[in-house]
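A short worksheet on the structure shown next.
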Amino acid sequence: MGLDAVSLNGLRRVVTARVPRPAYDKLRVGQVSIVEAAVAALLKGLEQPLPGCGPSVWFTRYVLALSIPGNAFTSVLELARSHFNDEVREAAGWLIARGVGMDLPLPGPAPDESAPSERWKPKIKALLLPDD
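Everything in the sequence shown is counted per the working numbering, starting at 18 for the first residue and increasing by one.
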């Protein structure tokens, strides 16, 4: 029986997260442990709709190891595969940051920056093929 056939709701998985410093600082404030706060933030981040892509902002990162439900782990893996070049630690940290209120885009170029603008194509063509 494959993993797909097994219910993941009762299973827990350990994920290592690279948490941006501003999110880490927010996790430290409160009555619960930083690990409990990080798990809650990751789960909250999974509930939010995905934003658009944009340039990444660099932060100092702190590493946390978290025990999360199996179905949440599967969602983190899917997010890592689709938007984080299979970097599960980065995806988990991004979800935690979103869960504590950081407004971060998905990594990658913004839609209007992914390809040369249409307005530049005629100018480029004129440079490459001058009228004689």
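Heads up, the beta-carbon is just placed ideally off N, CA and C, and yes, glycines get one too.
Collapsing the DSSP output to three states places Thr77 in coil. Here the alpha carbon of Leu94 sits roughly 10 Å from the alpha carbon of Val32.
By alpha-carbon distance to Arg30, the top candidate from Gly118, Ser84, Asp120, Arg115 is Ser84. Taking every protein chain shown into account, the CB of Gly118 has fewer than 16 other CB atoms within 10 angstroms, so this residue is exposed. With respect to the C-alpha of Asp120, the residue from Ser73, Tyr79, Phe101, Val52 having the closest C-alpha is Ser73.
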